[in-house]
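To keep things clear, I will list the structure first and then write my remarks on it.
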Amino acid sequence: MKHSKLYDTLFLAPGFLIYLIFMIVPVVMCFLYSFTNWDGISVTYRIIGLKNFENLFRDASFYQAMQVTVIIMIVTTLIYNVLGIILATLLNDKGKLLGISRSAIFIPTVMSSVVVAFIWSYMVQTNGGVINSVIELLGGQTVDFYRTPTTTIFMISGIICWNSLGFFVVIYISTLSTIPQEIYEACMVDGAGWFQRFFHITLPLLAPGITINCILAVAGGLKQYDHVKVITGGGPGGATQTVTLFSVEKAFEYNRRGYSSAAVIILFLIIVILSVIQLSISKRHEVEY
Amino acid sequence: MKRTLSLLVAVALLMGLFAGVSLAETAKAKIVFCVNIQPQLPVEFWQSIADKYMAANPDVDVEIIGQPSSNVDIFQYEKTLLATGQFPDVMVMQNPADFVPSGALLAFEDSELDYLADPNIGKIGGKQYVANYKKQVIGVFYNKDIFAANGLEVPTTYQAFLDVCEALKAKEILPVSLGIKDGWPQIMLANMIAGTDLLAKNPNWGSERNADTVKFNNPELVKAMEKYQYICQNYAGDSLPSITYTQMLEQFFTGKAAMLPMGSWVNAEVAKAQQDFEVGWFPMPGDNDASVLSVFVNEGISISATSKYPEVCKDFVKFFFTNTDLYSYFLSSEQLFATTKASVPYEMIPLRQYIEQAIAGMTEVEGFESMTGDAAFLPGLKDYYTNKLTQNIALGNDVATELSNFDNEWTIAKEAMN
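Chains as they are written, first to last, in this note's numbering: chain A, 1 to 289; chain B, 1001 to 1418.
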């Protein structure tokens, strides 16, 4: 069959056009706005150079938002990967119950994050929440999950992980399925136990899965918005505000679209830099077989 | 030849027909009305305004639009509409000061708002951009049965209020139903105290702050916010950070809490009559008496400066206020106070009637964070006051430091406007 470049272009055009309009153009516009004083509603604006970036680095609430974002990113990345590998290893077998377990772990992933956040916000309520009702029923003391900003951030991180862990487990299971059984068999013949097999075969050969999962977890953690928005709205007193929430607040409450764009650009650069670093580190640890 | 002639005649007739349609269409003015859809004011209510106006004015089409989702703030959504070139002709408006610098709103002439009792409320630079459609008052709703059972009187001084709280706490009754999780309910208490201790003493304080001749971190406001903090820390229970507005209402209406500092829209909840006790109301007392009343007059209807039909829009706004059926339904939805010259009767619950009598003669000040006109907070500061300042103070942060931070935010917001 004759392959025509014209046909290729024609078939690619609709998808590329959508990507261009809804992804590339907004990113470029955001980059441009970050150098302006645009309020988001006026027709005119001025170019103010790096003023927005200067102000951001002097803004205590931006640092606080960055701190919260980084904590959420670290906690969720650790849980996704440590718990993800453990669960994937346990579920990487055959059997009816394992199929059900895999589905059970994956189901929250297909649920809307907003729905999940709403459900959990009712679960963790201090007065009348499901968890506290059960604790009270068992004669225990109620737990105030919102008592301090730190407990609230960890609670939110846990909810985020409950929502998305299944996705990371699936990636680990699929990576595990690519590891040849012969290697394990050879290892067992040499007398290696479960821990030795896990640390000397499973973990090194899982490196491609770890790479992709770490990149996705770090980027997802840094972009966190919906769960925090629903559960705390960034409160109390901005103590759980992430950079994305900070950015939306500055854009729509403060009428500072340029400033908000600058915050997003910084986040974008951090994600790019971290992803590149992770890729270079992970590539060094990936094993060829 | 004959066929060609027939074709030409047909084309000419068709063109005439389309021209007629086109003319008819352009003759009919179409305006878009952006509304705030809420459970008590559903889209059907707003549509009924449009329908009645269109029935009275067949040459006008009114399209109703609202926020795309119940969790979208309509006043933020309007900014998005403006930024994307879809700004409506007529809209409900809460923060005109956010829109006026961009030239988005049309100023009313004083004579065009002659149906309002006070058309001067909230003027910006001497011009009125909003036809204010409601007034709400803030006060303390209380459980009369709990007060009676514990021999408590309605407090008329701040110290008496603390004594009541202390007596209730001693009886293991939650004195004040308060929570900060939703961000805004705690500001009612803060507003009342700031209104009494600051705004009543200097009615121009908001304008002076905007002129940068006074600071948030001043002795009067520090004292007011320390009072607010004391109540939050000592009489609002241990779950302050996790209590939502709904839970605040639940605590009060189930008799778990004795008092609820809130706006007069709570009358609508009282009207549902699900509580098994009598609800009373008193204004938050100051040091010496209870003579200052905080009110919200920061919401109304505005017109776009770029509307093709400004006169139709003004007529539509007037129609809303002067159609007694529509306006009385609007007021009854939250047992509101009318802003029109003409009195607009509606079915009021006894508590609402009592409040109307109780507030007569009191000194009115605007809600601290919702001051209007030239006194209005700069863009973003209302959000800061609601979601950061009053929450941090409620949680026990140092008041003077928090107010200094608020002053810093003011400086940043001012710089951003230049």
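We put the beta carbon where it would ideally sit given N, CA and C, even for glycine.
Note that the structure is a prediction, hence the values are computed from the model and not measured.
Other residues of its chain near Val1266 of chain B: CB distance less than 7 Å, five sequence neighbours each side excluded: Phe1141 and Leu1260
Drop a sphere of 10 angstroms on the beta-carbon of Glu1025 of chain B, count the other beta-carbons inside from all chains shown, and report buried for 16 or more, exposed for fewer. Below a pLDDT of 50, predicted positions are generally treated as unreliable, and Glu1025 of chain B, at 48, falls in that range; the measurement from the model is reported next regardless. Under this definition Glu1025 of chain B is an exposed residue.
Could I get the ranges of all uninterrupted beta strand (DSSP E) runs contained in the region 1350-1381 of chain B, with 3 residues as the minimum, in chain order? 1363-1366
Span separating the alpha-carbon of Met1093 of chain B from that of Leu269 of chain A: 38 Å
Could you tell me the alpha carbon to alpha carbon distance between Gly1396 of chain B and Gln1233 of chain B, rounded to whole angstroms? 7 Å
Taking the alpha carbon of Ala1342 of chain B as the reference point, which residue from B:Thr1324, B:Ile1349, B:Gln1357 and B:Ile1355 has its own alpha carbon closest? B:Thr1324
Three-state secondary structure (DSSP) of Ile72 of chain A: helix
In this structure, how does DSSP classify Lys1308 of chain B when only helix, strand and coil are distinguished? coil
Strand pairing of Gln1128 of chain B, partner residues [DSSP]: B:Phe1108
Decide if the region 51-69 of chain A is in contact with the region 249-268 of chain A; the criterion is three or more beta carbon pairs, one per stretch, under 8 Å apart. yes
Report the residue ranges of all beta strand (DSSP E) runs contained in full by the region 1188-1271 of chain B; include only those spanning at least 3 residues, in chain order. 1257-1263
Could you tell me whether any Cβ in chain B is nearer than 7 Å to the Cβ of Gly191 of chain A? no
Mapping DSSP to helix, strand and coil, what is Trp1281 of chain B? strand
Test: Lys1079 of chain B CB closer than 7 Å to a CB of chain A: yes
Does Asn127 of chain A have its Cβ less than 7 Å from a Cβ in chain B? yes
Indicate whether the contact test is met: 3 or more Cβ pairs, each with one atom in the region 140-147 of chain A and one in the region 1232-1252 of chain B, closer than 8 Å. yes
Between the region 1360-1369 of chain B and the region 1292-1304 of chain B, are three or more C-beta pairs nearer than 8 Å? yes
Near Thr1157 of chain B, which residues of its chain fall below 8 Å by C-beta distance, leaving aside the five closest residues on each side in sequence? Pro1285, Gly1286, Asp1287, Asn1288, Asp1289 and Ala1290
In chain B, which residues lie less than 7 Å from Glu249 of chain A when you measure between Cβ atoms? Asp1383
From A:Ser112, A:His200, A:Ile105 and A:Phe199, residue whose alpha carbon lies closest to that of Ile173 of chain A: A:Ile105
Assign Phe1228 of chain B to buried or exposed, taking buried as 16 or more other Cβ atoms, counted over all protein chains shown, within 10 Å of its Cβ. In the sequence on display, residue 1228 of chain B carries Tyr and not Phe. So Tyr1228 of chain B ends up on the buried side.
As a quick exercise: from B:Thr1254, B:Glu1347, B:Gln1086 and B:Glu1334, pick the residue whose alpha carbon is nearest that of Ile1173 of chain B. B:Thr1254
Would you mind telling me which residues of chain A sit closer than 7 Å to Leu1082 of chain B, beta carbon to beta carbon, in chain order? Ile41
Please report the straight-line C-alpha distance between Ser1022 of chain B and Ser1307 of chain B, rounded to a whole angstrom. Because the pLDDT at Ser1022 of chain B is just 47, under 50, the model does not fix this residue reliably, and the point stays unresolved.
So what's Gly49 of chain A in DSSP terms, helix, strand or just coil? coil
Looking only at its own chain, which residues have a Cβ that is under 8 Å from the Cβ of Leu1221 of chain B, when we skip the five neighbours before and after it? Ala1194, Asp1197, Leu1198 and Leu1403
Any chance you could list the beta strand (DSSP E) runs of at least 3 consecutive residues sitting entirely within the region 7-47 of chain A, in chain order? none
Could you confirm whether any beta carbon from chain A is found closer than 7 Å to the beta carbon of Ser1102 of chain B? yes
Hey, how far is the Cα of Val82 of chain A from the Cα of Gly99 of chain A? 21 Å
Could you work out which residue in B:Leu1113, B:Cys1034 and B:Ile1124 is closest to Asp1098 of chain B when comparing CA atoms only? B:Ile1124
Does any C-beta atom of chain A lie closer than 7 Å to the C-beta of Asn1120 of chain B? no
Note down the Cα distance separating Leu1336 of chain B from Ala1416 of chain B, rounded to an integer number of angstroms. 36 Å
What's the call for Pro180 of chain A, buried or exposed, on a 16-neighbour Cβ count within 10 Å? exposed
Return helix, strand or coil for Ala1029 of chain B, following the three-state DSSP convention. strand
So Pro1175 of chain B is in the beta strand (DSSP E); what residue range does that whole segment cover? Leu1174 to Val1176
Min CB distance Ala1055 of chain B to chain A below 7 Å: no
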